[in-house]
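In what follows, a single structure is set out as C-alpha cells and then discussed.
Protein chains: 2
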Amino acid sequence: MTEAPAGEVAEFSLVELQQAARNHGMPLEALRYELTPVGLHYLLIHYDIPAVDPASWRLEVGGEVARPLSLTLDDLRARPVRHVTVTMECAGNGRARMERRPLSQPWLHEAVGTARWGGVPLADLLTDAGVGERARELVFTGLDRGLEGGEEQEFERSLPVEEALAQDVLLAYEINDQPLPPQHGFPLRLVVPGWYGMTNVKWLSRITAVADPFSGYQHRRAYRFWLDEDDEGRPLGRMQPRALMVPPGVPEFPSRRRLLPQGPTLLEGRAWSGFAEIAEVEVSDDGGENWRAADLDPPISPWAWRGWRYEWKPPGEGTYELRCRATDAAGNEQPDEPAWNVGGYANNAVQRLSVTVAG
Amino acid sequence: MTEAPAGEVAEFSLVELQQAARNHGMPLEALRYELTPVGLHYLLIHYDIPAVDPASWRLEVGGEVARPLSLTLDDLRARPVRHVTVTMECAGNGRARMERRPLSQPWLHEAVGTARWGGVPLADLLTDAGVGERARELVFTGLDRGLEGGEEQEFERSLPVEEALAQDVLLAYEINDQPLPPQHGFPLRLVVPGWYGMTNVKWLSRITAVADPFSGYQHRRAYRFWLDEDDEGRPLGRMQPRALMVPPGVPEFPSRRRLLPQGPTLLEGRAWSGFAEIAEVEVSDDGGENWRAADLDPPISPWAWRGWRYEWKPPGEGTYELRCRATDAAGNEQPDEPAWNVGGYANNAVQRLSVTVAG
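Line order of the protein sequences matches chains W and H. Start counting the first sequence at -8; every next residue gets the next number (this note's numbering). Start counting the second sequence at -8; every next residue gets the next number (this note's numbering).
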C-alpha cells in the first residue's frame, strides 16, 4: 500500500466512496480550458437525477406575488435570453483534506467548473410576477427528492430578494450553448454567479416568495457554516478565493505523483472568488517559505475564474512542494491550513502539489 | 460514522480516492437512458487528458503494412462514416467490492455507459494500408503519457489482426452525433464493440502492425487477468455479462440507502455481455434464494445493453435485499461472489441492493 503523505487524511469509508463514485470532479488538467467542456464540469447530485418530462413540466412562481405564473419551457425560451459565464464550485470542495469531517462527498480540490449559461434573467420574471412588499426571500425548489436528517424532502434553498434581483442571476436552460443535459438540471436550473453550487438549484420546479426567513433543511442544517455544534451558524453563500494549478509533468499511475524533466516549466492555472475580482496569484516552490507573483490573464467575465501563469525554473533535481494562492480585490485570502467547521465546508486552504524533477 | 454492511469493504486509501475524484462513474439512475448522455458515460482517464491541437495532429499507420498512411482529421471525416451503438465498461468495474484489491480505481458498479459512436471502419483503413502477411497484431498508441511500474510510457494496447478487421470496429470522431469531447479521446479513439474499455484507446496517434505478440506494459502487466502472481495470465478482452438495476425509491443522504412506499414497484435496468446477446435477466428479493425472470426489451444493437423490467410486489414493510443477474446466449453467467484475481478485474458478481419498504 502506498502511504499517505504526512498530514494527509489516509482513509475513507464506503459511504464516502459511494458519493465519490456518483459525483464528478473536474480533473485538474481541465483547468487549461477557459470554458469547461460539458462532461468535465464538476457535478454534485445530492439525491438522484430526476426523470423530467419536458411536456408536462412547469415552472410555478407563487407565494407573496401579485400574479402567480405557470410557465412551460417554450414560454421561457420565447423570452429574451441572457448569457453569463460563471465559475461554480461546490461548498464542500476541499472537505477530504479535513480531519474529523462529516460523512459526505469527499472532494479533494476538483469540485469546480466554468460554463457559459444561457437563460432568462430571474429579475425579469419576478417583475412579471410582482413580488409583494412582504416578501423577504425567494425559495427555490428542485424535483430531486431524498431523505436526510430523518426528513423526506425536495432539495430547496432560498435567496434574499435583493440578491435574487441582481441582473446576472439566471434561470438557465442552456450550458455552453447546448440544452441543459439531465445531470445539470434539465430542463431549468438557477444560476447565482459568485455563490457556491448548493444555491444553484437544479431541476427547478417552483419559486416561492416568502415573508419569513426560510428554514428548510438545506439552510437550517446542511450547507451551513458552523464552527461547532453550539454555534448558531449561517447558511453558506459566496465562494471563498482559490487558485488551482494544472499539475505539471506526467503522472505516475496510480499514485498521481508528478514527474517532470529539468529545465523551465510553465506553471499555469486559474483562480476565482465570489466576492471580488482576483487581484493576485502567487506561487511557491519551497513549501510556502517564499512566494512569487504569477502573471494574470485579462478577466473573461466578472463571475469567472482568471487565468494565471508563472515560468518556474527548478533549481535542480529533487522533489518540490509547489503551492499557489489567490487574493481577491476585497482582500480575501487563502489560509495555509484548513479552517475546521462542522460540515467540512469552504476549505480553501492552498493547493499543495509534490513534484519530482529528474534527469 | 455509518458502518459498512456485513461483507462490504469498509476503508479506502487516499490514492484510491484521488482516482475516484478524477474518474467518472455513471450514476445508476442513468440506466434509464438507452443512450447515455455525454457527461454521464463512465470515464477512466489512466494518466492525464492530453491537450491535442487538431491542426497538427495526425494518425500514423505503419509497421508491417505495404502503404504507410498519415491522415488528418479532415482526411478521416472525408471517408464514409459508420455509426455503431456500443455499451462500454471498465475492466475494473466492481473492483471496490473485492478485498485485497490493488491500489487502482475503486469502482463499485458504475463504470459503464452506452454511446452511439461515429467514425471510420478500421477495416477500410487497414485495407488501404495493406496489412502485410507477417502482421499478427495491431498496436494502438494514445497520446496520454505517464509513469507506471517504473516505465514512462504512452498508453498502448494491441488487437489480433482478425479482431481488428471486424466490421464494427471503428476509429471514432463522434459520440452521440457530437464531436468527441477531450475526455473521450478527441480527436480520435478506437472503439472495439464488446471489449472492456482499456482496448478502446483514446487520443489515438499511431497504429502499428507488428509481427510479434505485443508485450507492452498494459498487456504484460496491467489489464491482465492473473489468478495469482505465479499465473502467466492473459490480457483482458471481452466484457463478462452483467445486469444492473435503477435503484428504486428515493435515496438517503449520504448513505445512499433506498426507501420506497408500499405497493407494486417497477424494477428496471439494463444488461450486457461482450460475448453474446443477453438471453435472460432474473431478479431476487430475498438475497438470492428465489429468482424470477424479468421481461426483456428488444435489442437496440448487437453491441449494446438490453433493457429489462420486472414488477415487484413487496410482501410488506421491511428491508429487502434485491439482486439482479444476467445470462448471455453463450451461457455465460454472473457469480454470486467476486472471483478474486490479482488486478481486481472483471468482477461481475451480482448487484445487491438493500431497500426499505415503509408506510
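In this text, a Cβ means the ideal position worked out from N, Cα and C, and glycines have one as well.
Coil, strand or helix - residue i by DSSP
i	result
H:P252	strand
H:A(-3)	With a pLDDT of only 47 at H:A(-3), under the threshold of 50, the placement of this residue in the model should not be trusted, and no figure is reported.
H:G357	Nothing in the structure corresponds to residue 357 of chain H, since chain H is present only between -8 and 350.
H:Q169	strand
H:H100	coil
H:G352	In this structure chain H extends from -8 to 350, so residue 352 of chain H is not present and cannot be described.
W:Q231	coil
W:V29	coil
W:Y208	helix
H:E154	helix
H:D135	strand
H:E20	helix
H:A213	coil
W:A12	helix
H:L355	For chain H, the structure presents residues -8 to 350; residue 355 of chain H sits outside this window and is missing.
W:M(-8)	Note that W:M(-8) scores 32 on pLDDT, short of 50, meaning its location in the model is unreliable and no value can be drawn from it.
W:E7	helix
H:E2	strand
Closest Cα partner of residue i within the set the options
i	options	result
H:D119	H:V348, H:G83, H:M17 and H:V56	H:V56
H:T63	H:D44, H:E80 and H:H74	H:D44
W:P245	H:Y38, H:Y33, H:A21 and H:V348	H:Y38
W:H226	W:T76, W:Y24, W:G188 and W:I198	Note that residue 226 of chain W corresponds to Pro in the displayed sequence, not to His. Of the listed residues, the one whose Cα sits closest to W:P226 is W:G188.
H:Y301	H:E145, H:I291, H:Y311 and H:A285	H:A285
H:M355	W:Q174, W:D327 and W:V160	There is no way to answer for residue 355 of chain H, as the model of chain H reaches only from -8 to 350.
W:V152	W:A340, W:F131 and W:I36	W:F131
H:G335	H:E308, H:Q325 and H:Y214	H:Y214
H:E220	H:P184, H:A321, H:P93 and H:R247	H:P93
W:S149	W:V192, W:R68 and W:N332	W:V192
H:M79	H:E7, H:G185, H:V201 and H:E312	H:G185
W:L196	W:L60, W:P28 and W:R212	Looking at the sequence shown, residue 196 of chain W is not Leu but Ser. Comparing Cα-Cα distances from W:S196 to each of W:L60, W:P28 and W:R212, the minimum goes to W:L60.
H:T256	H:R283, H:G240 and H:A340	H:G240
W:M230	W:R73, W:V111, W:R49 and W:N84	W:N84
W:E308	W:M89, W:G133, W:P290 and W:V346	W:V346
H:A262	H:R86, H:V52 and H:M236	H:M236
W:V160	W:T190, W:P290 and W:G53	W:T190
H:G141	H:A157, H:P28, H:Q209 and H:A126	H:Q209
H:G228	H:A82, H:E90 and H:A12	H:A82
W:I36	W:E128, W:L134 and W:D203	W:L134
W:N167	W:L129, W:A321 and W:V77	W:V77
W:A46	W:R13, W:I198, W:D65 and W:R247	W:D65
Test item: CB-CB of residue i and residue j under 9 Å
i	j	result
W:W303	W:L250	no
H:L19	H:P238	yes
H:G207	H:Y164	no
W:T105	W:L26	yes
W:S95	H:F3	no
W:A102	W:P252	no
W:H15	W:Q342	no
H:E147	H:F205	yes
H:E243	W:E145	no
H:P305	H:S264	no
W:V72	W:V111	yes
H:R88	H:P326	no
W:F266	W:D222	no
W:A69	W:A114	no
H:P28	W:P172	yes
H:L297	H:E273	Reading off the sequence, residue 297 of chain H comes out as Arg, not Leu. Cβ distance not < 9 Å, so H:R297 and H:E273 don't count as in contact.
W:N323	W:F216	no
W:A11	H:A11	yes
H:A116	H:V182	The amino acid occupying residue 116 of chain H in the given sequence is Leu; Ala does not appear at that position. Against a cut-off of 9 Å, the Cβ pair of H:V182 and H:L116 comes out as no contact.
Integer Cβ distance of residue i from residue j, believed to fall under 8 Å
i	j	result
H:C315	H:G260	6 Å
H:W351	H:R180	Since the first residue of chain H shown is -8 and the last is 350, residue 351 of chain H is not available in this structure.
H:L313	H:D276	6 Å
*asked:* Threshold first: 3 residues or longer. Then list the beta strand (DSSP E) segments lying entirely within the segment 262 to 318 of chain W, N to C.
replied: 269 to 275 and 297 to 303
*Within the segment 41 to 89 of chain H, note down every full alpha helix (DSSP H) run reaching 4 residues or more, in order along the chain.*
64 to 68
*For the segment 313 to 350 of chain H, which segments carrying the beta strand (DSSP E) assignment without a break, of at least 3 residues, lie completely within its bounds, in sequence order?*
342 to 349
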